[in-house]
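Take a look at the structure below.
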Amino acid sequence: MNDSRKLKMKFAGRFIDLLGHQMYGGPVPAVAEFIANAWDADSKKIEITIPSDISIQGAEIRVKDYGTGMTFKELNDFYLNIGYERRESRSETTGSGRLVMGRKGIGKLAGFGIAEDIVLHSVKAEHLVEFTLNYTDLKLKTDLSAFEFEPEIDGNTDEENGVTVILKKLKLKRNINIISFRKSIARRFALNTDLMQIIINGEPITKENLEFDFRVPEEGLEWAVADIPDFGQIKYWFGFLKDTIKDPELRGISIYARERIAQTTPFHFNLSGGINGQVGLEYLTGKIIADVLDEENDYIATDRQAVNWKMENAPNFERWGLEKVKELCKEWKRRKDEKNLNKFKHDFSEFSPRIKALVGQEQRDISQALEKIAKLDRIDEEDFRIIANSMISGIERESVKKVIKKINASSPNALPELYEAINEWDIISSVSIAEVIIGKLEIIRQFKKHIDDKLVEKAKKGSLDMQIFIKEHSWLLGHEYAHLTSADIYQERGIDSWISDEIRTVDKEYSHKDIKEQRRFDLLCVKDDARIVILELMRPGKPCDYDHLMRLERYVSCLQSAIDEKGSEGYYGRMIVSGLLIADDFTKDGALQKTMVKLSPGINATKWKPLFERVEASYKEYFEILRQKAPEDPRIKGMISPMS
0 MNDSRKLKMK
10 FAGRFIDLLG
20 HQMYGGPVPA
30 VAEFIANAWD
40 ADSKKIEITI
50 PSDISIQGAE
60 IRVKDYGTGM
70 TFKELNDFYL
80 NIGYERRESR
90 SETTGSGRLV
100 MGRKGIGKLA
110 GFGIAEDIVL
120 HSVKAEHLVE
130 FTLNYTDLKL
140 KTDLSAFEFE
150 PEIDGNTDEE
160 NGVTVILKKL
170 KLKRNINIIS
180 FRKSIARRFA
190 LNTDLMQIII
200 NGEPITKENL
210 EFDFRVPEEG
220 LEWAVADIPD
230 FGQIKYWFGF
240 LKDTIKDPEL
250 RGISIYARER
260 IAQTTPFHFN
270 LSGGINGQVG
280 LEYLTGKIIA
290 DVLDEENDYI
300 ATDRQAVNWK
310 MENAPNFERW
320 GLEKVKELCK
330 EWKRRKDEKN
340 LNKFKHDFSE
350 FSPRIKALVG
360 QEQRDISQAL
370 EKIAKLDRID
380 EEDFRIIANS
390 MISGIERESV
400 KKVIKKINAS
410 SPNALPELYE
420 AINEWDIISS
430 VSIAEVIIGK
440 LEIIRQFKKH
450 IDDKLVEKAK
460 KGSLDMQIFI
470 KEHSWLLGHE
480 YAHLTSADIY
490 QERGIDSWIS
500 DEIRTVDKEY
510 SHKDIKEQRR
520 FDLLCVKDDA
530 RIVILELMRP
540 GKPCDYDHLM
550 RLERYVSCLQ
560 SAIDEKGSEG
570 YYGRMIVSGL
580 LIADDFTKDG
590 ALQKTMVKLS
600 PGINATKWKP
610 LFERVEASYK
620 EYFEILRQKA
630 PEDPRIKGMI
640 SPMS
């Protein structure tokens, strides 16, 4: 065999695509790699700058650390050496004693997941080196093993040590939600902020402020310790929040190794099948520090999103976690059942006097029923109280029969008995009406939440929006709408055909402009025997604008003209057409306010918050009048006002 013949391994630019673009898609995993590099460089803080609008010219993401920096030689030997294993070549710890996070040597390519250019600006010992790596240039090269280039800057500087990574020509499709970005970054690291502070757009990341129903270990104690046979030692805490967890970053268990995420959420140790208290998973959050996952053996997937649970001793850890989750969910259900049962069993319960006022069998029946309801997995405290109140009230209404008997049995000369029976009837009637008011106050509470959450005025089919909510509860608009049902509220093309035709005429006037500006005009139409009201609902928090106001005026004018032309003929001859615009912030445009004054009373406008406050005040006042009729009656006392 010819000794001069040798095989040579090399890699192509496609390698950059696989390890950069495809593995680190999204700003969170990309930036997280640079945070890990800052930690390994002993930086005391890292400053991340995220643009508010990625579409503007020159938008970029900057990640600046204050660590040791890298010299020209270190950049060549370590940073640009793809796959360089720092721990084996240098040390398991940094100069200050931190456990090194980096291991696989490919995180430096993470920026290519969201940007075309990675600019690296490195300062060490008063020397600056700056260069740019371009994703397309590298990807198209057939051989990167001998790729060489010159830095853009290589010279002296008075800057302090550290590295700044600048991601340019961003490839993101939409703007970064800063609130979600902060939560996600915070969730990816279990860092002690005294050791390294993470600052995003000038604001440091802080620890999560969670409100627990209960926590293991109990609140005030940071971590519990467990020694798992044939795996190693871990630290952990688990907690059940008071409300179901909506944020996927918070749901389930996050597992960390060397201060960094190793298993992302939602995660419940691959639990399958039903368990006692399974609904508790919707309330469960927690963290585990398991450094053993990233020590002698590397149990973590390359993209640091998940643990390889089939590897060596990992199943022992998985079994421990699975049993711990089952145990905690069982305890969560026991506590929940106990709390709900106490709501009506103990002597000081709001329901206790009402239950004791029932006859013996009724007491036993309602207690048994409420105990079963209290143990339902998905019942929460507020829902239980409403159901319990309603069920007890249903039994109490049987007392109406007793009142009728008392009235019929009273003699003409026994006026005190008759007055007593009528007074009892008045109290029962007040209780019944008050229950209806309580239901409406609950809807008003939901209305306020929709306003605070800026619920859209018009959503996709099947989703809740303000149009649907107002259509179902037209009385929220005021007492003059209280007699209407949802059948009296017409949504867009569901209105009568002639009204639809007139509205379509107005739509044609605006169609070209609206399509160009991607606007949508959605409306409701209220119709009773005397009037037609066109409702233009704008999303809460969105300021009123001239276009919406004038278009509403055109709808009203067009319909009124159509009615006037029909004269007294037909059903619509007597009707008056008006418009109501519900929006926010009418103050920015003085001309807009003057126009609204001129258009009144045909066109009226109101803000969402005052609308809510008026209807809330009205129904609370009504409820208070009813309550004063029998302030000591246990049925009245047992009513829970959602707005109190």
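Quick note: the sequence shown, position 374, residue 373 per numbering that gives the first Met the number 0, numbers continuous. All C-beta atoms in this analysis are idealised placements derived from N, C-alpha and C, irrespective of residue type, glycine included.
{"query": "Rounded straight-line distance, which links the Cα of I437 to that of D632", "result": "16 angstroms"}
{"query": "Other residues of its chain near L340: CB distance less than 7 angstroms, five sequence neighbours each side excluded", "result": "E370, A373"}
{"query": "N548 in three-state terms, based on DSSP", "result": "At residue 548 the sequence reads Leu, which differs from the Asn that was named. Reduced to three states, the DSSP call for L548 is helix."}
{"query": "Under the three-state DSSP convention, the category P265 falls into", "result": "coil"}
{"query": "Which residues DSSP lists as bridging V215, in chain order", "result": "F237"}
{"query": "Which of helix, strand or coil DSSP assigns to C524", "result": "strand"}
{"query": "A629 classed as buried or exposed, judged by whether at least 16 other C-beta atoms fall within 10 angstroms", "result": "buried"}
{"query": "Stretch-stretch touch, CB-based, cutoff 8 angstroms, three pairs: the stretch 279-292 with the stretch 234-247", "result": "yes"}
{"query": "Beta-carbon proximity of L610 to C543, cut-off 9 angstroms", "result": "no"}
{"query": "Of the residues S351, S42, G231, the one placed nearest A387, counting alpha carbons only", "result": "S351"}
{"query": "For L327 and V455, believed in contact at Cβ under 8 angstroms, the rounded distance", "result": "Not really, about 38 angstroms apart at Cβ, beyond 8 angstroms."}
{"query": "Three-way DSSP call (helix, strand, coil) for D632 in this model", "result": "coil"}
{"query": "Beta-ladder partner(s) of Y255, from DSSP", "result": "I260, I288"}
{"query": "Pairwise C-alpha distance: E471 and D451", "result": "19 angstroms"}
{"query": "For R492, three-class secondary structure by DSSP", "result": "Because R492 sits at a pLDDT of 43, beneath the cut-off of 50, its placement in the model cannot be relied upon, and the following sentence gives the value as read from the coordinates. Note: R492 maps to helix in three-state DSSP."}
{"query": "Under the three-state DSSP convention, the category A35 falls into", "result": "helix"}
{"query": "Any 3 or more C-beta pairs closer than 8 angstroms across the stretch 434-449 and the stretch 540-559", "result": "no"}
{"query": "C-alpha distance - S54 paired with T205, whole-angstrom precision", "result": "29 angstroms"}
{"query": "Reference P228; option with closest CA among P314, K245, V555", "result": "P314"}
{"query": "Local Cβ density within 10 Å of G273, reported as buried at 16 or more and exposed below that", "result": "exposed"}
{"query": "C-beta atoms of W331 and G279 nearer than 9 angstroms", "result": "yes"}
{"query": "Distance CB(I602)-CB(E552) smaller than 9 angstroms", "result": "yes"}
{"query": "Environment of I60 [buried if 16+ CB atoms lie within 10 Å]", "result": "buried"}
{"query": "Beta-carbon proximity of K123 to T70, cut-off 9 angstroms", "result": "yes"}
{"query": "Burial state of K335 (16 or more Cβ within 10 Å)", "result": "buried"}
{"query": "Beta-bridge pairing of V306 - partner residues as DSSP gives them", "result": "I299"}
{"query": "K170: first and last residue of the uninterrupted alpha helix (DSSP H) it sits in", "result": "Neither: K170 is in no alpha helix (DSSP H) and is coded neither H nor E."}
{"query": "The stretch 113-130 contacting the stretch 260-275, beta-carbon criterion three pairs below 8 angstroms", "result": "no"}
{"query": "Euclidean distance between Cα positions of G110 and N155", "result": "27 angstroms"}
{"query": "Cβ contact (3+ pairs, closer than 8 angstroms) linking the stretch 352-362 and the stretch 304-313", "result": "no"}
{"query": "Buried/exposed call for I34, threshold 16 Cβ in 10 Å", "result": "buried"}
{"query": "Beta-carbon spacing of L579, V614 below 9 angstroms", "result": "no"}
{"query": "DSSP state of S617 mapped onto helix, strand, coil", "result": "helix"}
{"query": "S599 burial status per 10 Å Cβ neighbour count (16 or more: buried)", "result": "exposed"}
{"query": "Test item: CB-CB of R186 and T264 under 9 angstroms", "result": "yes"}
{"query": "Own chain, CB closer than 6 angstroms to R97, minus 5 neighbours either side, in chain order", "result": "none"}
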